[in-house]
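Chains as they are written, first to last, in the working numbering: chain A, 180 to 437; chain B, 180 to 437; chain C, 4 to 328; chain D, 4 to 328.
For glycine and all other residues, C-beta sits at the position ideal for the given N, C-alpha and C.
Only one structure is covered here, and it is reproduced in the block below.
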């Protein structure tokens, strides 16, 4: 298992920054709660000042002086350019004019980035029931790209999902397009061990980067399906600026950073 | 032809009041421009204070201190309870919860109250092209009831429409319901000669009332299809109150009354 | 001097409104989203009146949904998301009820549910989307086949057709419209003329209200006709959509009401602890719902101190610096 | 001190905006309705630049549509209503063009066209309605079959299917979504951050803007970021939908712009007289469109006196007592 070394940053900070680094200027960023909200906010303040953060509830570009605890938090409606509703939010999410990047989380993920946020066990009588899709199924269907946050554990990185809530690369290759989706698909999976990406041909997950203090074998050991590590390199450390902005501006109360 | 006698009221005033008398309290009244706007406003001020006047453009319950010259006139947005748009307006028009009564006008009408506001002659190369449906087709399809204003002339009351823009009782009997409409249909046609209604069984137009100074034969002579006058009676004269409110409150500038 | 003459037939007490308009087995939609603008006062009153066999239709309801399920008022639910954000990643009573097989459920997504309300609002029988193609939301049906003939239950979960305007093979999902029996809407403002104004995000409240047969509105304030009509562009619903109007300050507590009050983290955490244990939850209901006769009495229990802590800054819309851990 | 840094890449002159974004043969949607908020300045500039073969998609455009058709810029139109209310029961140049067989046209209703824009805005391929069943809007097709394969022309005018959620025979019309190349939107306010605020009725402007590939906005005022963000509930479109922003006071003249100015009855009557005669209409164009190099010059011709007559009362939104005969 990964070596415990004294680090100048926490796992959550590393995950947040790793994800934030994917955001480019003018991206329209769909954020959920938790780490995804931190990553979206950090990205805008550090690398992509012209990116716009919005929420499925209809809040567009809030000031986020305080971290929302839910996507319906009044902080999501505060200082926005516009407050609308779900129908509007999803018309933006899927709009062909925009590069919409969405952050998601899940209970299970498979090697093609399909996600389960609905149930473990039998759907009708599950051993564990989760919240359900929310907007995740829509995001996975309609956004230009999806970045998923996961705790890297065998029981979460599985061969077969108990329930496919949100479409990824489906069964790999061109199978997503064949379903009828003209765009989108998983960009990356950001975990507590590293960053996974997807092969351009097979659409299968591979290890793109492992965090300092992690070795590729740690990721293999914690993944429930075979995963290619041949393209893996060690992630860059979080910079002083990244950490300062994340800690002082994004979540000073450490409501999510902990 | 109708005898010219000195009257204490004009044809337009008589038409407006005849139509307004159909409106009941709590009706949701869909108004267009011209006489229909006068009738809606008069109805609210005289018989149905709890009726609500709205417009296909989305203006709901404007004060109408001045008569709008079009359904997009800024006067339709002034003092309303809400300013929205067409999608909202039509969601009200067709709403099963409401008794929505709509006023329309047309270039041609047939014996079942179907209307033409599109073209005379060949559709592709008409001798006369009109404005087109606007919201008329939608009103005729979705409202609870339609009252149509017409100049009573043979060329307008025709056996066969050159173009069926707005559905009435279609081909009579149950044919409207068989098309898939659960409600609605023409209530009355108000002309410069009298008020026509539709038989409950055959759905064919008949003369319900003729104005003072008009005789049933005048209506027969000016109708392009055979019309039953056996149920016709002479209309009540406009009352002093009706005329006073219409002239002093509804259209003091006589923009539409002329 | 307020003039309620225009809405005299709609103004009533909460018990009256629930009694008159909410029947056992009713299909019900709730305003708000997770921890915001849930019609909590109305929900507590439904529980006190013992309304049973409710068929809930939700996109992402949180607190309101969970209390109703926990109190045993709900028979079936069509839903996209049951959670309270950081205060309950999955609503606790919802989770238990499904794991124990106590309620019938059907999963959709937020966009799908919103579109179904939109279709209901526009009076169109169904609405197309591509969202969900290839997922188990389509492959797995939650509702048992035999209830597909019951009132307010769609004859099918969905239908897939080829896009008739596109030559190539292009699948589209058709979703059935929703027309709930009742929509419970909590809002900030109702005018003396009955006009509704929602501040902040409207979620799918407006679509839900237009789709419903009956709309019960609870509000923080009833404002003057001149105030509500001075900027009609801001208003959300005309009076004629509304069947009952009840003034209930803090009617959304412990969820938030933008520009009036924040959510109540203390209460949400208290609820979180209670909801995870059956006995503790029963005790919660006894104390906070059955144990009080009205929302006023409930608010006395919440206490002035807490209410002042969560009081929103009018400009920001929330309570800055509130301890939300 | 205004700060345009957030919109520097979108702020441009009207000639630049039209040159950059409007190509011959483009499918174009216009803001407003009959005599209100038509993007007249942009339309005049398109005529001056000699844009040809336009495919207009409208619900009820009036003045803007008629001038464009009269100037020979329009090849085909999909439309519900071409009129100016009391000032033109049927738009004159539109009427002549169709009677002379000069343009291709397809009739729909206002609700149908609005729903088609809504479908385009939501990215769904079609949308159902029952409005129009049994009418010649379904029975008679305006566009020649051979153009059905051209870009931006729907492969079919409509499709009828049975409602798959209803056992009994229940026909529903499916209407194809619209996604215009360009939408020309005239509005009251744009914020320094590019946020759009439309005052008064929005018609189908918001759906049209979301449905379009490119949105050109002309506005009466560019207001401060703090003003536009102080009440986000009132705003109509976020900046990222907008491609070009042009400040053009009185940009809708002779049509009205709620709270800024009324329609100009003198000009509409002048137009009415001109539009009924070919030579007089050419003269009108020479004088009011080709004869001026910019909207500023056009407004000088309109004259300060007229502009002050039609100046709107800020509360009423129109010019009370204006002679509108």
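Once you ignore the five residues that flank residue 16(D) on each side, which residues in its own chain have a CB closer than 8 Å to its CB? By one-based count along the fourth chain, residue 16(D) stands at place 13. Counting only Cβ-Cβ distances below 8 Å, and skipping sequence neighbours, we find 249.
Rounded to whole angstroms, what's the CA-CA distance from residue 311(C) to residue 260(C)? Just pull it up for me. As a working mapping, residue 311(C) is identified with position 308 in the third chain. As a working mapping, residue 260(C) is identified with position 257 in the third chain. Taking the straight line from one Cα to the other gives about 14 Å.
Per-residue contacts from residue 207(C) into chain A (C-beta, under 9 Å): As a working mapping, residue 207(C) is identified with position 204 in the third chain. Neighbours of residue 207(C) on chain A, chain order: 264, 265, 266.
Any heavy atom of the ligand ATP closer than 7 Å to the CB of residue 271(D)? Annotation note on the ligand ATP: not contained in the displayed structure, which lists no ligands.
Please list the segments of the alpha helix (DSSP H) lying wholly inside the segment 268-354 of chain A, counting only runs of 4 or more residues, in order along the chain. 315-321
Among 277(D), 252(D), 22(D), 205(D), which one has its Cα closest to the Cα of residue 345(D)? In this structure chain D extends from 4 to 328, so residue 345(D) is not present and cannot be described.
Quick one: which residues of the segment 139-157 of chain C get their C-beta closer than 8 Å to a C-beta of chain D? List them in chain order. 157
Between the CA atoms of residue 83(C) and residue 107(C) - distance to the nearest angstrom: Translated into the one-based positions of the third chain, residue 107(C) becomes position 104. Translated into the one-based positions of the third chain, residue 83(C) becomes position 80. One C-alpha to the other measures close to 14 Å.
Endpoints, beta strand (DSSP E) assigned at residue 247(C): Taking the third chain and counting its residues from 1, the one referred to as residue 247(C) is at position 244. Element bounds for residue 247(C): 247-250.
Could you tell me whether the Cβ of residue 305(B) comes closer than 8 Å to any Cβ of chain D? The residue given as residue 305(B) occupies position 126 in the second chain. Taking Cβ atoms only, chain D reaches closer than 8 Å to residue 305(B), which makes this a yes.
Buried or exposed: which applies to residue 400(B), given that a residue is buried once 16 or more other Cβ atoms fall within 10 Å of its Cβ? Translated into the one-based positions of the second chain, residue 400(B) becomes position 221. Exposed, since its Cβ has fewer than 16 Cβ neighbours within 10 Å.
By the three-class DSSP mapping on this structure, what secondary structure does residue 43(D) have? As a working note, residue 43(D) is residue 40 in the fourth chain. Looking at residue 43(D) - three-state DSSP - the assignment turns out to be helix.
On a Cα-Cα basis, can you pick out the residue from 250(B), 419(B), 368(B) that is closest to residue 187(B)? The sequence position of residue 187(B) within the second chain is 8, counting from 1. For the residues 250(B), 419(B), 368(B), the minimum Cα distance to residue 187(B) belongs to 419(B).
Work out the CA separation of residue 421(A) and residue 216(A) for me, nearest whole Å. Taking the first chain and counting its residues from 1, the one referred to as residue 216(A) is at position 37. Taking the first chain and counting its residues from 1, the one referred to as residue 421(A) is at position 242. Going by the C-alpha atoms only, they are around 15 Å apart.
Could you pull out every unbroken alpha helix (DSSP H) segment of at least 4 residues lying fully inside the segment 229-312 of chain D, listed in chain order? 268-278, 281-288, 298-305, 307-312
Should residue 133(C) go down as buried or exposed, given a rule of 16 or more other Cβ atoms within 10 Å for buried? For this step, residue 133(C) is matched to residue 130 along the third chain. Residue 133(C) should be labelled buried.
Along the beta strand (DSSP E) that carries residue 365(A), what are the first and last residues, could you check? Along the first chain, one-based indexing puts residue 365(A) at 186. Note, residue 365(A): beta strand (DSSP E), 365-370.
Determine whether the beta carbon atoms of residue 198(A) and residue 369(A) lie at a separation below 8 Å. Here residue 198(A) is taken as the residue at index 19 of the first chain, counted from 1. Here residue 369(A) is taken as the residue at index 190 of the first chain, counted from 1. Yes, Cβ-Cβ distance for residue 198(A) and residue 369(A) is below 8 Å.
If you follow the beta strand (DSSP E) that residue 97(D) is in, where does it begin and where does it stop? Against the fourth chain, residue 97(D) aligns to sequence position 94. Looking at the DSSP string, residue 97(D) is not in any beta strand (DSSP E); the run it does join, the alpha helix (DSSP H), is 95-102.
Can you look up residue 131(D) in the DSSP assignment and give me helix, strand or coil? Walking along the fourth chain from the start, residue 131(D) turns up at place 128. Looking at residue 131(D) - three-state DSSP - the assignment turns out to be strand.
Cβ-based contacts, 7 Å cut-off: residues of the segment 122-137 of chain D near chain A: 124, 125, 126
Report the residue from 117(D), 64(D), 105(D) whose alpha carbon sits nearest the alpha carbon of residue 93(D). On the fourth chain, residue 93(D) is found 90 positions in, with the first residue counted as 1. Nearest option by C-alpha distance: 64(D).
Under the three-state reduction of DSSP, which class applies to residue 49(D): helix, strand or coil? For the purposes of this step, residue 49(D) is taken as the residue at position 46 of the fourth chain. Helix, per DSSP.
Excluding the 5 residues flanking residue 48(D) on each side, which residues of the same chain have their C-beta closer than 7 Å to its C-beta? As a working mapping, residue 48(D) is identified with position 45 in the fourth chain. Closer than 7 Å at the Cβ level, and outside the excluded window around residue 48(D), lie 17, 18, 21.
Beta-carbon separation of residue 273(B) and residue 348(B) under 8 Å? For the purposes of this step, residue 273(B) is identified with residue 94 of the second chain, where counting begins at 1. For the purposes of this step, residue 348(B) is identified with residue 169 of the second chain, where counting begins at 1. Against a cut-off of 8 Å, the Cβ pair of residue 348(B) and residue 273(B) comes out as no contact.
Just the Cα atoms here: how many angstroms apart are residue 308(D) and residue 279(D)? As a working mapping, residue 308(D) is identified with position 305 in the fourth chain. As a working mapping, residue 279(D) is identified with position 276 in the fourth chain. Rounded to whole angstroms, residue 308(D) to residue 279(D) spans 27 Å at the Cα level.
Using 8 Å as the limit for Cβ to Cβ distance, is residue 236(C) near chain D? Mapped onto the third chain, residue 236(C) falls at position 233. So yes, residue 236(C) belongs to the interface.
Span separating the alpha-carbon of residue 137(C) from that of residue 109(C): What you label residue 137(C) is simply residue 134 of the third chain in a count that begins at 1. What you label residue 109(C) is simply residue 106 of the third chain in a count that begins at 1. So the two alpha carbons sit approximately 17 Å from each other.
Pick from 308(B), 271(B), 257(B) that is closest to residue 102(D), judged by C-alpha positions: Translated into positions along the fourth chain, residue 102(D) becomes position 99. The candidate whose alpha carbon is nearest that of residue 102(D) is 308(B).
Contact set between residue 309(A) and chain C, taken where Cβ atoms lie within less than 7 Å: Here residue 309(A) corresponds to residue number 130 of the first chain, with the count starting at 1. Residues of chain C passing the Cβ test: 93.
Taking a Cβ distance cut-off of 9 Å, strictly less, list which residues of the segment 25-59 of chain D are near chain B, in chain order. 35, 36, 37, 38, 39, 40
With a 10 Å radius around its C-beta and 16 neighbouring C-beta atoms as the bar for buried, classify residue 253(C) as buried or exposed. What you label residue 253(C) is simply residue 250 of the third chain in a count that begins at 1. The residue is buried, with at least 16 neighbouring Cβ atoms inside 10 Å.
Rounded straight-line distance, which links the Cα of residue 324(D) to that of residue 193(D): Stepping through the fourth chain from its first residue, residue 193(D) is reached at position 190. Stepping through the fourth chain from its first residue, residue 324(D) is reached at position 321. So the two alpha carbons sit approximately 30 Å from each other.
Under 8 Å between C-beta atoms, does residue 244(D) make it to chain C? What you label residue 244(D) is simply residue 241 of the fourth chain in a count that begins at 1. Not an interface residue.
Give every residue of the same chain whose Cβ lies closer than 8 Å to the Cβ of residue 221(B), excluding the five residues on either side of it in the sequence, and list them in chain order. As a position in the second chain, residue 221(B) is number 42, starting the count at 1. Here the set comprises 195, 196, 199, 421, 424, 425, 429.
Identify every residue that forms a DSSP beta bridge with residue 1(D). No answer is possible for residue 1(D): it lies beyond the span of chain D, which begins at 4 and ends at 328.
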